[in-house]
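Take a look at the structure set out below.
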Amino acid sequence: MIHTNSDGGARGNPGPGAIGVLVRDEGKILIKYSKKIGEHSITNNVAEYSALIKALELASKITDNEITCNLDSELVVNQLLGKYKVRHPTIMELFLKVQKLQENFKSVKYIHVSREDTFQQIVDELLNEELDR
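Quick note: the sequence shown uses this note's numbering, first residue 802, plus one each step.
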């Protein structure tokens with residue numbers, strides 16, 4: 802099964818933002834991706850959703866079957882699972898984009914993981930390298 806790990810962050814919140822993404826088959830990393838997503842006015846939540854969107858886009862190039870998306874953002878996971886409402890219009894746009902991308906797969910599972918998770922640490926390093934540039 803294909804797994805993704807994604808993380809987004811903003812320095813200053815809002816501030817410059819970046820994302821880090823891994824697509825993997827169990828323990829084997831298939832794709833590593835990172836990118837700066839803005840020089841200012843990016844929030845952590847926008848960065849988290851942007852990272853997940855990129856993870857779904859990249860995973861769709863590998864499979865259309867079941868995937869598991871691992872995120873360290875409890876807010877994003879709970880919004881996607883319907884436990885929390887999405888209130889902010891910008892976040893709603895990103896939320897709807899995620900919903901649309903889910904159609905590329907047989908099923909998508911969202912899991913909240915700790916920042917201490919090995920793969921989550923890798924995506925955190927990727928995004929921080931982008932912000933340090």
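Ideal placement from N, C-alpha and C gives every residue a C-beta, glycine not left out.
Length of the line joining the Cα atoms of residue i and residue j
i, j, result
"Glu931", "Lys837", "6 Å"
"Gln900", "Glu867", "15 Å"
"Ser908", "Ala856", "15 Å"
"Asp925", "Gly821", "6 Å"
"Tyr911", "Gly828", "18 Å"
"Val824", "Pro815", "27 Å"
"Lys898", "Gly813", "25 Å"
"His841", "Thr869", "31 Å"
"Arg934", "Pro890", "30 Å"
"Thr919", "Ile830", "12 Å"
"Val914", "Ile923", "13 Å"
Same chain, Cβ closer than 7 Å to residue i, five either side skipped, listed in chain order
i, result
"Gly839", "Pro817 and Gly818"
"Asp865", "Asn905, Phe906 and Lys907"
Any chain B beta carbon closer than 9 Å to residue i
i, result
"Gln922", "Absent from the structure: chain B. Only one protein chain is present."
Beta carbon of residue i nearer than 9 Å to that of residue j
i, j, result
"Gln921", "Asp808", "yes"
"Leu872", "Leu902", "no"
"Val847", "Leu881", "no"
"Lys833", "Leu927", "yes"
Own chain, CB closer than 6 Å to residue i, minus 5 neighbours either side, in chain order
i, result
"Glu849", "Gly809, Ser874 and Val877"
Residues sharing a beta bridge with residue i, DSSP
i, result
"Arg825", "His804 and Ile830"
"Val909", "Ile868"
8 Å Cβ shell around residue i - same chain, five flanking residues per side excluded
i, result
"Ile892", "Asn846, Val847, Tyr850 and Gln880"
If we count Cβ pairs, one from each stretch, closer than 8 Å, do we get three or more for the segment 803-811 versus the segment 847-866?
yes
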